[in-house]
Amino acid sequence: AVEKTLSIIKPDAVAKNAIGEINARFEKAGLQIVGMKMIKLDDEKAGGFYAEHKERPFYPALVEFMTSGPVVVQVLKGENAIAANRELMGATNPKEAAAGTIRADFAESIDANAVHGSDSPASAEREVAYFFSEEELCER
Ligand code: CMP
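Just so we're aligned, residue 2 is where the sequence shown starts under full-length UniProt numbering, counting upward by one.
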């Protein structure tokens, strides 16, 4: 089925000037970018996004990292977009990410891991709506 998924190009990848290369991978894989903005997250916006991780030991570092510099939030659309994006990203820990994936090529650590992607249809729906209104999506 055609799906939409939320992608975040994280502060480490933005700082590396890798926005274009990462977007090229999405487009070459057949995913359309139907929404995109560069923003700086504050503690409240980042903390709310990652609320499901609130009790995890890495949560404070995660919020600190995600507010350390600008991010690009984007909506990717295509056939099986959620799984397709997760394949392009590779494993959460770049040390375990398959060769040729975004995290293998651009990420330094499990904290600074270059990209985020929704992990299920339910989280994709929540995460897209967390950053984008209907009017901000340019579907075609
Ligand atoms: P992301 O897909 O954005 O979702 C939560 C983030 O927490 C994850 O990517 C990692 O960057 C970060 N993180 C840090 N430590 C861990 C961990 N042990 N397990 C999962 N995610 C972690």
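Built from N, CA and C at the ideal position, the CB exists for glycine as well.
Can you look up residue i in the DSSP assignment and give me helix, strand or coil?
i              : result
lysine 78      : strand
serine 8       : strand
isoleucine 111 : coil
proline 95     : helix
lysine 29      : helix
lysine 46      : helix
tyrosine 51    : coil
arginine 141   : coil
On a CA-only basis, which of the options is nearest residue i? Give me that one, please.
i          : options                      : result
proline 71 : Leu138, Ala16, Glu136        : Ala16
valine 116 : Ile20, Pro58, Glu4           : Ile20
valine 73  : Glu135, Lys96, Cys139, Gly36 : Gly36
Bridge partners for residue i per DSSP, in chain order?
i             : result
valine 116    : Ile10
isoleucine 40 : Val72
valine 3      : Glu80
residue 1     : In the structure as shown, the chain starts at 2 and stops at 141, and residue 1 therefore has no counterpart that could be examined.
Counting Cβ pairs closer than 8 Å, one from the region 63-70 and one from the region 86-95, do we hit at least three? no
Mind the definition here: the region 124-131 touches the region 20-34 only if three or more C-beta pairs lie below 8 Å; say whether that holds. no
Can at least three beta-carbon pairs, one atom from the region 72-86 and one from the region 3-15, be found at a separation below 8 Å? yes
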